[in-house]
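The block underneath contains the structure these notes are about, expressed in structure tokens.
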Amino acid sequence: MRTIWLTLAVILASSFVGNAAENESLVEVRDGKTVTTGKLLAKDKQRAILLDRTGRLHDLTLASVKLQETNRNFQSLSVMELRNQLSREFGKGLEIGSTRHYLVLAPSGRASDYAKIFEEQYSTLQRYFKLRGFALTDPQFPLVAVVFPSQKQFTDYARGEGSRTMANMQGYYSPRTNRVALFESEAKSVAVSLLDPRTSPTRQ
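And the structure:
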């Protein structure tokens, strides 16, 4: 339970980065036929870091891409835009549940339950930080969590996005993709036991 709480705390803290800045220019990045839009977080003569409209970070080699500043302001994707993008990415294998802050992909019939648990944990962490004097605002981006039906699918996804996996790893948050990923076991949902303090054997 502590691991997931720390993970959600990192998400909560990192999701507020960039909220203070307004009217930031939208930048187009062309890499061959691929066009990505976002805002520049850092740039030198060789490399740049782009934050796209989903909250994903892109490490760019300037010699291989073309940057063009537009006359539009940066805005994150709306919930509906991101929902449609996730549906295209994951297909019909996972359904999407939504709350005020989260879009959660999970096996059919369980997405709404997982989304509710994530939202409850988010609210608990918000109260924890506010009671200690932290001034918090809502995240700039919808928060995304993916609950896979098997460990193999989870591991394949993690490796596909370049995240390191370990034998006992049950879930993680990727700052690069701005997503949480975890999985269900065959006998019992690892995700629920990790996220819900009422069912977690490691409740502190």
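The numbering used here puts the first residue of the sequence shown at 136, with every later residue one more than the last. Glycine included, every Cβ here is placed at the ideal spot set by N, Cα and C.
Please list the segments of the alpha helix (DSSP H) lying wholly inside the stretch 177-226, counting only runs of 4 or more residues, in order along the chain.
Counting only runs of 4 or more, we get 214-225.
Check the C-beta distance from A280 over to R314 and give it rounded, since I have them as a contact under 8 Å.
Start at 1 with the first residue of the sequence shown, and residue 280 comes out as number 145. Start at 1 with the first residue of the sequence shown, and residue 314 comes out as number 179. Contact holds; Cβ gap of about 7 Å.
Enumerate in chain order the residues of its own chain whose CB-to-CB distance from A156 is below 8 Å, with the five nearest sequence positions on each side excluded.
Locating residue 156 in the sequence shown gives position 21, where the first residue counts as 1. Confidence at A156 is low in this model, with a pLDDT of 49, below 50, so the placement of that residue should be treated as unreliable; the coordinate-derived value is given next. For A156, where only same-chain residues beyond five positions count, there are no Cβ hits under 8 Å.
Pick from S213, R165, K287: whose alpha carbon is nearest that of Q275?
Stepping through the sequence shown from its first residue, residue 275 is reached at position 140. Cα-wise, what sits closest to Q275 is S213.
According to DSSP, simplified to helix, strand and coil, what is R235?
For the purposes of this step, residue 235 is taken as residue 100 along the sequence shown, with counting starting at 1. DSSP places R235 in coil when its eight states are reduced to three.
How would you call E319, buried or exposed, if buried means at least 16 neighbouring beta carbons within 10 angstroms?
In the sequence shown, counting from the first residue as 1, residue 319 sits at position 184. Flag for E319 reads buried.
Taking L202 as the reference, give the member of D166, Y237, F289 with the closest Cα.
Counting from 1 along the sequence shown, the entry for residue 202 is found at position 67. Closest by alpha carbon: D166.
Pull up the distance between the alpha-carbon of A250 and that of K180, whole angstroms please.
Walking along the sequence shown from the start, residue 250 turns up at place 115. Walking along the sequence shown from the start, residue 180 turns up at place 45. About 42 Å.
Using the C-alpha atoms, what's the distance from N219 back to G226?
Here residue 226 refers to the residue found at position 91 when the sequence shown is read from its first residue. Here residue 219 refers to the residue found at position 84 when the sequence shown is read from its first residue. Going from the Cα of G226 to the Cα of N219 covers about 10 Å.
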